[in-house]
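Quick note: the sequence shown uses this note's numbering, first residue 964, plus one each step.
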Amino acid sequence: MKKILALMLAMMMIVCCFAACADDNKGTANETTDPSDAENKEEVLTTVVEGKLTMATNAYFPPYEYYEGDKIIGIDAEIAEKVAEKLGLELEIKDMAFESIITAVTEGSVDMGLAGMTVTDERLESVDFSISYASGVQSIIVKDGSAIKSVDDLYAEGANYKVGVQLGTTGDIYCVDDFGADRVTQYTTGNEAVSALIGGAVDCVIIDNEPAKAFVAANEGLVILDTSYADEDYAACIAKENDALLKAINEAIYDLTEDGTIEAIIAKYIK
Ligand code: ARG
């Protein structure tokens, strides 16, 4: 009798234990679906390499990013340095083709792209953008004395002017839309597009205004037209669902704008 009682007791204990375990499981399951947990997740800032803020750029875009010796300097490089400092991270810059930046961000090999990159609806489908830290204008570079006098000449009925652009930029995307792929030649860097203009392979180059100024200053016989092609906003791109990083970068850019740091950096490079 005692044996049977003991056995029953043991079995009851096992059943209780299973019930408790099942309950525990349910508890955890409930916790992970609790919306307050999403907030907790937001707080944890993780980066691709611990302790570092890895930034992708294309360093042939003065004055935003360019080489001085083997160091990448410029407006974006300096702003990124300040952002990293605010986040308590060390900045590391990876130079790559402009075209590859968004992929590097979405694939998670870098934390953000900062490359004088324009916020566009199409890009917003694959990445998030921070608040804007600068504005840009797509300008038209021609040879001195060119028949192209204003942006209207490019749109004119029967016009067949050839346009050089940097591959994957807004200049590229808009020009292909506006003038058709046949009239647009894509170059890997802005420098190459400008060389093509000098060599006569294209009739104009459409590129962001500040690099345009730098290219014109570095090469004889080029001018920028008074009429511009498009107005844009520059921002950092960050992988979607990386809310903690987006929030931290937005706060940093906001603070650096408020305290005049960004304005001072821009003024240092754009006289
Ligand atoms: N603003 C243009 C765009 O977003 C051109 C940016 C090119 N930047 C660079 N670092 N090469 O498409």
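Glycine included, every Cβ here is placed at the ideal spot set by N, Cα and C.
Sequence-distant partners of Y1232 (beyond 5 residues in either direction) whose C-beta falls short of 7 Å from its own C-beta, in its chain, are P1026, G1037 and I1038. Per DSSP, the beta bridge partners of M1018 are I1056 and M1075. For Y1232, the uninterrupted alpha helix (DSSP H) run begins and ends at T1224 to Y1232, by DSSP.
Your pair I1225 and Y1096 checks out as a contact, with CB atoms roughly 6 Å apart and the cut at 8 Å. Each of E1041, V1007, E1031 and D1084 was checked against the Cα of M1018, and the nearest Cα belongs to E1041. The three-state reading of DSSP puts E1195 in strand, counting E and B together. For G1162, the enclosing alpha helix (DSSP H) begins and ends at G1153 to G1162. The beta carbon of I1064 lies closer than 6 Å to those of A1019, G1076 and A1078 in the same chain, with the five residues before and after it left out.
Scanning V1046, N1021 and E1173 for the CA closest to the CA of L1208 turns up V1046. Short note on A1078: C-beta closer than 7 Å to some heavy atom of the ligand ARG. Counting other Cβ atoms within 10 Å of its Cβ, A1181 stays below 16 and is therefore classed as exposed.
E1048 and I1056 have their alpha carbons spaced roughly 14 Å apart. T1069 has its CB no nearer than 7 Å to any heavy atom of the ligand ARG. The residue from V1012, G1071, D1084 and S1102 with its alpha-carbon nearest to that of V1157 is S1102.
Sorting T1220, L1008, E1221 and C1200 by C-alpha distance to the C-alpha of L1087 places C1200 at the top.
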